[in-house]
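Numbering (this note's numbering), first residue to last: 2 to 474. Glycine residues also receive a C-beta, built at the ideal position from the N, C-alpha and C atoms. Below: one structure, written as C-alpha cells.
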C-alpha cells in the first residue's frame with residue numbers, strides 16, 4: 002500500500018508539473034473550515050490533497066492490520082495445531098504398522114484432540130485396534146465411518162474384513178453389497194459381493210451382482226457371459242430340485258444361449274425339454290451345442306431323444322449327429338462306438354487310434370479293451386485295462402454316468418465351475434479340479450458295445466494298422 006501511495010504522489014506531481022508548464026491560468030482553491038477561509042493556488046491544493054491521501058493510506062493499513070491481528074494469531078495457532086495433529090497421525094500409522102500398539106493408541110488420542118477431522122482420527126483408531134488384535138475396537142471405529150459419506154465405503158470394507166475374520170459370511174456379504182451400492186468406482190465391493198454370493202449358492206443374487214459388475218466394466222464381456230451361463234445353469238438345477246421344471250427349462254435355455262459351448266447347459270436344457278414333450282427343440286439345442294463344443298454328455302442326451310427307436314435308426318441318427326463335427330475327437334469316439342455296436346472292429350479301432358493319438362487317456366484304453374474283447378483277445382483286453390489304470394484321465398469326462406443324468410453337481414461343484422469355466426473357459430469336472438480321481442470301469446461315450454458286445458468274429462483278421470500295446474505305452 003505504501004508503494005501505491007508513493008506512485009500516486011509521483012504521478013500527481015508529474016501531472017501538475019506538466020500542467021504548470023503548459024498552462025497560463027493556474028486557477029485557485031478556496032477552503033472554508035469552520036469559519037476559517039484559506040485561499041491558495043490550485044496546484045498547491047492538489048498537492049495538499051495528494052499528501053493527505055498518501056498519509057491516510059498507510060494509517061488505514063495499520064488500523065486494518067491491528068483489527069485483523071487476533072484472527073491472524075488464531076489462524077497461526079490453528080495451523081500449528083493441524084501440523085501437530087498431522088504429525089500425530091503419521092506417527093500413529095507408522096507405529097500401528099510397526100506393531101507398537103500403545104504408541105499407536107497414544108498418537109491416535111493425540112490426533113483426535115488436535116485435529117477437528119474425525120474421519121482421519123477414526124481411521125487411525127481402526128488401524129491401531131486392528132494391529133493390536135482389538136477386533137471390537139476396530140469395528141466400533143469402522144462403524145463410526147458409516148456416518149460420513151466420504152468414509153462409508155472404507156468403513157464397510159473394514160466391517161466386512163472383521164466379519165470374515167470371525168467367520169460371519171452373511172454379515173460380510175451385507176457390507177460388500179452395501180459398499181457396491183455406495184461406490185460406483187471401487188472394485189473390491191463387486192469382487193467380495195460376487196464371491197460370497199457364489200460361495201453361499203445364492204445364484205440369483207450372484208447373477209444380479211455380476212450384472213452390476215458387467216455394467217461397470219469390472220469384468221470382461223466374455224468372462225461375464227461364461228460366468229452368467231454357469232450361474233443360470235446352477236439356478237436351473239436348483240429350480241429342478243424344487244420341482245419347478247418349467248422355470249428350470251427356461252433358465253437352462255437362457256444359459257445355453259449365453260454360452261453354447263457350455264455342455265452342462267445344453268444337456269440340462271435338452272433333458273428338461275424332453276420332459277416337456279419337446280424333443281424337436283431339445284434336438285436342435287443338442288445339435289447346436291455339439292457344433293460349438295462336442296461332449297459325451299451331449300451324445301448321451303441325443304441318444305435318448307427318441308424312446309422306442311430301433312437300433313438301426315438310432316445308429317443312423319447318431320452317425321449324422323457325429324458327422325456335424327467329423328474331425329473332433331468326441332465324434333471319432335461316437336463313430337467308434339457305433340462301429341463296435343455293429344461288430345465292425347476294424348473301423349472301431351481306426352477311429353480309436355485317431356482319438357488315442359490326440360490324448361492317450363484311460364477312457365480310450367478302456368475302449369481299446371472292449372475292441373480286443375470283441376475280437377476274442379482277452380489277453381490284449383487285460384493289457385489295455387492295465388494301461389488304463391495308469392493313463393491320464395479326461396478332465397471334462399470324469400465321473401460321467403452313461404446310464405444316468407450328466408453333471409450331477411452339488412452347490413460347491415457349481416461354485417467351482419463358475420470360475421473354472423467362467424474365467425478359464427475350461428470344462429473340468431469339480432472332482433478332477435480338486436485333484437481327485439474318476440472311477441475307472443466300463444464308462445464309455447455310449448453304452449453300447451461295451452455293455453452288450455456282439456459275438457466276436459474269430460475268423461476276422463486283425464487290421465494291418467492295429468495298435469500294439471508295446472508301441473502305445
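Contacting residues, own chain, Cβ-Cβ under 6 Å from residue i (five flanking each side not counted)
{"i": "residue 157", "result": "176, 179, 180"}
{"i": "residue 293", "result": "261, 262"}
{"i": "residue 322", "result": "303"}
{"i": "residue 454", "result": "Below a pLDDT of 50, predicted positions are generally treated as unreliable, and residue 454, at 38, falls in that range; the measurement from the model is reported next regardless. Counting only Cβ-Cβ distances below 6 Å, and skipping sequence neighbours, we find 375."}
{"i": "residue 254", "result": "270"}
{"i": "residue 337", "result": "349, 352, 353"}
Span separating the alpha-carbon of residue i from that of residue j
{"i": "residue 413", "j": "residue 201", "result": "9 Å"}
{"i": "residue 368", "j": "residue 217", "result": "49 Å"}
{"i": "residue 23", "j": "residue 33", "result": "Legend: pLDDT at residue 23 = 49, less than 50; position of this residue unreliable, value from coordinates given subsequently. Going by the C-alpha atoms only, they are around 29 Å apart."}
{"i": "residue 193", "j": "residue 211", "result": "11 Å"}
{"i": "residue 104", "j": "residue 122", "result": "15 Å"}
{"i": "residue 449", "j": "residue 341", "result": "Its pLDDT being 36, under 50, residue 449 is placed unreliably in this model, and the value from its coordinates should be taken loosely. In a straight line, the C-alpha of residue 449 is about 8 Å away from that of residue 341."}
{"i": "residue 84", "j": "residue 197", "result": "42 Å"}
{"i": "residue 249", "j": "residue 289", "result": "20 Å"}
{"i": "residue 247", "j": "residue 272", "result": "12 Å"}
{"i": "residue 279", "j": "residue 268", "result": "14 Å"}
{"i": "residue 243", "j": "residue 174", "result": "25 Å"}
{"i": "residue 50", "j": "residue 64", "result": "21 Å"}
{"i": "residue 142", "j": "residue 222", "result": "38 Å"}
{"i": "residue 379", "j": "residue 389", "result": "15 Å"}
{"i": "residue 284", "j": "residue 291", "result": "10 Å"}
{"i": "residue 308", "j": "residue 314", "result": "11 Å"}
{"i": "residue 343", "j": "residue 317", "result": "12 Å"}
Residue i: first and last residue of the uninterrupted alpha helix (DSSP H) it sits in
{"i": "residue 410", "result": "Per DSSP, residue 410 belongs to no alpha helix (DSSP H) and is neither H nor E."}
{"i": "residue 231", "result": "222-242"}
{"i": "residue 280", "result": "280-293"}
{"i": "residue 125", "result": "119-132"}
{"i": "residue 338", "result": "330-342"}
{"i": "residue 363", "result": "363-375"}
{"i": "residue 379", "result": "379-391"}
{"i": "residue 322", "result": "312-324"}
{"i": "residue 145", "result": "136-146"}
{"i": "residue 302", "result": "297-304"}
{"i": "residue 358", "result": "346-359"}
{"i": "residue 428", "result": "Residue 428 -> no alpha helix (DSSP H), and no H or E assigned at all."}
{"i": "residue 266", "result": "264-276"}
Neighbour-count burial assignment, residue i, 16 or more Cβ in a 10 Å radius
{"i": "residue 239", "result": "buried"}
{"i": "residue 148", "result": "exposed"}
{"i": "residue 327", "result": "exposed"}
{"i": "residue 66", "result": "exposed"}
{"i": "residue 59", "result": "exposed"}
{"i": "residue 256", "result": "buried"}
{"i": "residue 422", "result": "buried"}
{"i": "residue 334", "result": "buried"}
{"i": "residue 52", "result": "exposed"}
{"i": "residue 71", "result": "exposed"}
{"i": "residue 231", "result": "buried"}
Residues near residue i by beta carbon distance below 7 Å, same chain, minus five either side
{"i": "residue 172", "result": "164"}
{"i": "residue 219", "result": "188, 191"}
{"i": "residue 140", "result": "160, 163"}
{"i": "residue 346", "result": "372, 375, 376, 461"}
Neighbourhood of residue i by C-beta, 8 Å cutoff - its chain only, sequence neighbours within 5 removed
{"i": "residue 205", "result": "236"}
{"i": "residue 282", "result": "274"}
{"i": "residue 410", "result": "235, 238, 265, 418, 431"}
{"i": "residue 92", "result": "104, 108"}
Test: residue i CB closer than 8 Å to a CB of chain D
{"i": "residue 333", "result": "No chain D appears in the structure shown, which is made up of a single protein chain."}
Task: Length at least 4, wholly inside the segment 165-203: the alpha helix (DSSP H) runs in chain order - done: 170-183, 189-200
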